[in-house]
Each structure stands twice: as C-alpha cells, then as structure tokens.
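Student: If you're matching positions, the sequence shown starts at 0 in numbering that gives the first Met the number 0 and goes up one per residue.
We treat Cβ as the ideally placed atom computed from N, Cα and C, and that holds for glycine.
Here it is: the structure, laid out below.
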Amino acid sequence: MMEAVKQDDVLIIGAGLSGLACARALARRGVSARILEAHTRVAEPWRKRHPALRLNIHRHFACLPGRKPPTGDGVFLKRDSVISYLEDYASDIDVPIDFSTEVLSIKRCVFGWHVETRNTVYQAKNVVFATGRDRIPHIPDWQGKDTFKGTLLHARDIGDVAQFDGKRVLVAGAGNSGSDVLNHLARHNPAEVLVSVRYGPAVVPSHVFGFPLHRLARGFAMMPTALVDQAFRLTQRLFLGDLAKLGLPSHPDGGGTRLMRDGIAFAIDDGFVDALKKGRFRAVANVRAFNGHDVILADGKRVPPDVVIAATGYRTGLQKLLSHLVAVSSDGQPFTPSGEADGHNPGLWFTGYRSGYTGYFDAARKSGDKIARAIHDNLSASHRVSVNQTARQSGPMARQTGI
0 MMEAVKQDDV LIIGAGLSGL ACARALARRG VSARILEAHT RVAEPWRKRH PALRLNIHRH
60 FACLPGRKPP TGDGVFLKRD SVISYLEDYA SDIDVPIDFS TEVLSIKRCV FGWHVETRNT
120 VYQAKNVVFA TGRDRIPHIP DWQGKDTFKG TLLHARDIGD VAQFDGKRVL VAGAGNSGSD
180 VLNHLARHNP AEVLVSVRYG PAVVPSHVFG FPLHRLARGF AMMPTALVDQ AFRLTQRLFL
240 GDLAKLGLPS HPDGGGTRLM RDGIAFAIDD GFVDALKKGR FRAVANVRAF NGHDVILADG
300 KRVPPDVVIA ATGYRTGLQK LLSHLVAVSS DGQPFTPSGE ADGHNPGLWF TGYRSGYTGY
360 FDAARKSGDK IARAIHDNLS ASHRVSVNQT ARQSGPMARQ TGI
C-alpha cells in the first residue's frame with residue numbers, strides 16, 4: 000500500500016559524495032531537503048570496487064566541505080577509507096536519508112515534481128539527481144561474447160587481483176579504470192597480460208621526481224585546454240617515452256580536451272608502462288568478437304585468454320527515468336551535468352556527472368554549492384512574491400474591517 004505523499008523543498012536522488020555535498024550546502028542555507036537512496040547504506044558503489052583500489056586524485060582534493068580527508072593512507076586514499084569518510088559525512092550533515100528507496104518515475108505536478116518509489120510518493124519543488132556517472136558497469140555487446148569459454152567480467156568486479164596469477168588476462172581498454180587494473184596486475188604474476196586498445200590513453204605518471212603530479216591540478220584548471228594538451232603530451236613523452244612504440248598510439252585529441260569535453264579522465268601510470276617496456280604486458284588491437292576460447296581482434300588475429308576484463312566504462316542509467324523530459328542524451332548523460340540550471344525543466348538539477356582536473360570530490364563541492372545557492376535564491380524570490388500577493392489581497396479587506 001502506497002504511503003501518504005511527503006513534501007519537501009528539495010529531493011536529492013543518491014547518497015553518494017555528490018548528493019551528500021549538495022545536501023550539506025542546502026542545509027547550511029536553511030533549505031529543507033531529503034535524500035532518497037536506493038541501497039541500504041551510503042557509498043554502496045564504492046564497496047563493490049576491488050579492495051586494493053586507491054583514488055588517483057591527491058588527498059588534498061579528496062574531501063567534501065566541512066570535513067578534512069583521512070591522513071593515514073598517504074597521498075592516495077584507499078577504498079575503505081573513502082567508504083568510512085562518506086559514512087561519517089552522512090551522519091554529520093543532519094539531512095534525512097530514506098534508504099532502500101529506488102525512484103521508479105518522475106513527472107511534473109502542480110507542487111513542482113512528483114516522484115514515485117515502490118512504497119512512497121514524494122513531491123518537491125526541486126529534484127537533484129546525484130546518482131553518478133559510474134552507476135552501471137558497461138560491457139559492449141561484442142559479437143559472440145556469450146559463447147566465450149573463459150571468464151568475462153567488468154573492471155569494477157575484479158576483486159582480489161591475486162586470483163589472476165598464472166592466468167592469461169586480456170584487459171579491454173586502458174583508460175582510467177583500465178590503467179588502474181593494469182597497475183595492480185603489474186604488481187602480481189599473471190602468465191600473460193594483453194592490453195586491447197584502439198588508441199592509447201592520455202597517460203601521466205603518478206609522480207614526477209617524487210612529487211605527486213595531481214597536486215598541481217588547480218594550476219592545470221587555470222590553463223587553456225590546448226596548452227594542457229601540449230603540456231601532458233610533453234610530460235608523457237619525457238617521463239614515459241614513446242608509447243606508440245609499445246602499441247599505444249595517441250588519440251587525435253589531447254587528454255585535457257577529452258576530459259573537459261567528454262569527461263574521460265587521464266590514465267595514471269603506476270607500473271603498467273614499465274611492464275609494457277619489459278615485455279610482461281603486450282598491447283594488441285581492440286576487441287571485435289568472441290568465439291569459444293578465442294577473442295578475435297580488429298586486425299583479425301585470435302588470442303585465447305583465460306580472463307577478459309572489460310575496462311569499458313559505465314552508464315548513468317538515467318534514460319529510462321528522464322528521456323520524456325529531454326534532460327539527458329541517448330546514452331544517459333545529462334545536458335546540464337554540473338549544477339547548471341535546466342532551462343527546459345525548471346527545478347530539475349544534476350550533480351556528479353562531470354569531473355575536472357581536481358576530481359569528483361571537488362566537482363561535487365562546486366556543483367552542490369551552485370545548486371544550493373540557486374535553489375535558495377529561487378525559494379526566497381517565490382516567498383517574496385507570495386507575501387506581496389497576500390498583502391495586496393488582504394489590503395481592501397483590512398480597510399473594510401478596520402483592522
């Protein structure tokens with residue numbers, strides 16, 4: 000049985016880092032908000048990542064407003080530290096979170112937005128989607144993949160990397176998540192590692208002369224994108240060498256351009272390039288199809304891996320909910336991904352769907368504050384209009400009654 004309608008000024012869909020940052024920004028402005036979370040606890044997507052995961056952003060940028068990052072992990076935070084951090088943050092922001100509450104539909108209503116879940120109907124003047132760019136692991140619909148006799152899994156689900164020792168592994172993709180997998184494999188003992196790519200990623204070393212390169216991210220953000228592209232091409236060549244000779248030809252567009260235009264982050268080298276140079280890893284053409292024990296590559300060659308790890312990105316999963324509102328692209332990417340106002344859908348907001356040089360934590364802070372400021376100003380303006388209308392309507396009556 001459906002519960003009674005709950006009304007709030009703001010509903011935030013998702014209790015991840017972007018949703019929590021937005022909730023805090025709203026609370027600090029006195030705006031009532033409620034978070035709807037499909038899982039039973041915060042940070043569930045982080046818990047599904049492999050246990051050896053570390054962030055590739057500097058600790059300085061890996062925090063949300065009002066709480067410093069943990070310091071025990073060194074420069075790059077561990078997965079479990081991020082989970083604990085988000086749990087503590089959620090308990091401190093004083094915004095109610097309705098767990099196990101999956102949004103099934105959203106539509107306009109007189110109050111603003113009508114949001115249905117399995118057991119409850121919510122109404123709000125504003126709805127903020129913060130479910131994240133990396134919500135649903137994506138594996139391409141490769142021809143014959145269901146016939147593969149080996150193991151096919153997504154990079155999110157690799158678990159303990161030691162399980163691949165002694166096995167022939169093919170990693171499809173060498174971007175941000177692919178390079179993370181490759182860095183971990185480089186510290187273990189698989190029998191063979193093949194890196195399947197069309198273009199090599201924009202790769203940067205994690206440290207330059209012992210200094211963590213990402214610490215300079217704010218400086219990169221101040222530079223023209225074309226200059227960033229050139230700077231990182233030069234950095235890659237100076238510190239990692241000519242990757243094309245290792246089978247990783249450069250993408251026609253630079254790393255800065257792809258990050259700012261498409262949200263594709265740089266790949267961080269922490270051992271996999273050296274493994275390529277030493278012949279432990281080998282680059283091959285991109286995957287075209289599967290056939291039994293074999294993977295067929297774009298150049299027609301066949302390889303027989305035991306395991307294929309698809310480092311092929313994620314999807315937002317927003318198309319089903321929002322396609323009728325013309326708020327997202329055909330692949331589910333919001334047209335206003337970073338807290339911008341949606342001119343076609345007043346009161347509908349998105350945060351956490353586009354990063355920048357400083358990473359998703361910092362992006363969450365910026366977009367959350369942008370959304371909270373706009374909502375606060377809109378609600379204040381609506382309140383002033385309502386007060387003025389009431390005053391005009393009550394004026395004649397007041398004179399007639401002598402009040």
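1) Taking only the alpha-carbon atoms, compute the straight-line gap between R217 and P211 and give it to the nearest angstrom.
2) Contact between the segment 264–278 and the segment 171–178: three or more CB pairs below 8 Å?
3) Within its chain, find whatever has a CB closer than 8 Å to the CB of I138; leave out the 5 residues flanking it on each side and keep chain order.
4) Helix, strand or coil for Q142, going by three-state DSSP, please let me know.
5) Assign P50 to buried or exposed, taking buried as 16 or more other Cβ atoms, counted over all protein chains shown, within 10 Å of its Cβ.
6) Identify which residue in D293, G246, G255 has its Cα closest to the Cα of R232.
7) For the candidate residues F349, R281, V294, E36, whose alpha-carbon lies nearest to that of Q142?
8) Assign E36 to one of two classes, buried (16 or more other C-beta atoms within 10 Å of its C-beta) or exposed (fewer than that).
9) Could you check if G18 is buried or exposed, using at least 16 other CB atoms within 10 Å of its CB as the buried criterion?
10) Classify L152 as helix, strand or coil using the three-state DSSP reduction.
11) I think V41 touches A14, with their Cβ atoms under 8 Å apart; what is that distance to the nearest whole Å?
12) Using 7 Å as the threshold, is the C-beta distance between Y121 and K276 below it?
13) Closest to R236 by CA distance: which of A225, R257, T224, V207 is it?
14) Below 8 Å on the Cβ atoms is my contact criterion, and I expect E191 with V168 to pass it. Report the Cβ-Cβ distance as a whole number of Å.
15) Quick one: give me the first and last residue of the beta strand (DSSP E) that I82 is part of.
16) Does the distance from the C-beta atom of K106 to that of H113 stay below 7 Å?
17) Using only CA atoms, which one of L85, G29, K47, S31 lies nearest to A363?
18) In the DSSP assignment, find the beta strand (DSSP E) that holds N125 and state where it starts and stops.
19) Can you pull the DSSP bridge partners for W348?
20) Three or more C-beta pairs under 8 Å: does that hold for the segment 340–354 against the segment 364–379?
21) For the segment 263–304, which segments carrying the alpha helix (DSSP H) assignment without a break, of at least 4 residues, lie completely within its bounds, in sequence order?
22) Indicate the three-state DSSP secondary structure (helix, strand or coil) for T389 in the structure shown.
23) Give the DSSP-derived three-state secondary structure of A362 in the structure shown.
24) G65 bridges to which residues according to DSSP?
25) In terms of alpha-carbon separation, which member of F360, R186, N182, G209 lies closest to V202?
26) I think A171 touches V307, with their Cβ atoms under 8 Å apart; what is that distance to the nearest whole Å?
27) Taking one C-beta from the segment 59–70 and one from the segment 78–94 each time, how about it: are there three or more such pairs within less than 8 Å?
28) Do you know offhand how far P223's Cα is from L215's?
29) Please state the DSSP three-state secondary structure of F238.
30) Verify whether the separation of the beta carbon atoms of D193 and V283 is less than 7 Å.
31) Return helix, strand or coil for S329, following the three-state DSSP convention.
32) Would you call the segment 92–103 and the segment 66–82 touching, i.e. three or more CB-CB distances under 8 Å?
33) What's the gap between the Cα of Q229 and the Cα of D298?
34) Which class does I56 belong to by DSSP, given the choice of helix, strand or coil?
35) Considering just the uninterrupted stretch of the alpha helix (DSSP H) at V30, what are its terminal residues?
36) Taking the alpha-carbon of G270 as reference, which of P204, S80, T357 has the nearest alpha-carbon?
Tutor: Let me lay it out:
1) 13 Å
2) yes
3) K144, L151, H153, A309, T311
4) strand
5) exposed
6) G255
7) Of the listed residues, the one whose Cα sits closest to Q142 is V294.
8) buried
9) buried
10) strand
11) 5 Å
12) no
13) V207
14) 7 Å
15) First-last for I82: 78–91, but that is the alpha helix (DSSP H), not the beta strand (DSSP E).
16) yes
17) L85
18) 120–128
19) V127
20) With the rule of 3 Cβ pairs closer than 8 Å, the segment 340–354 counts as touching the segment 364–379.
21) With a minimum length of 4 residues, the unbroken runs of alpha helix (DSSP H) contained wholly in the segment 263–304 fall at 271–276.
22) Only weak support exists for where T389 lies, its pLDDT of 47 falling under 50; the coordinates are left without a value.
23) helix
24) Checking the DSSP bridge columns, you'll see G65 has no partner listed.
25) N182
26) 6 Å
27) yes
28) 15 Å
29) Note: F238 maps to helix in three-state DSSP.
30) Rather than Asp, the amino acid found at residue 193 in this sequence is Leu. Yes, they are a contact pair.
31) coil
32) Contact fails: fewer than three Cβ-Cβ distances are below 8 Å.
33) Q229 and D298 have their alpha carbons spaced roughly 30 Å apart.
34) coil
35) First-last for V30: undefined, no H or E at that position.
36) Checking every option, the nearest Cα to that of G270 belongs to P204.
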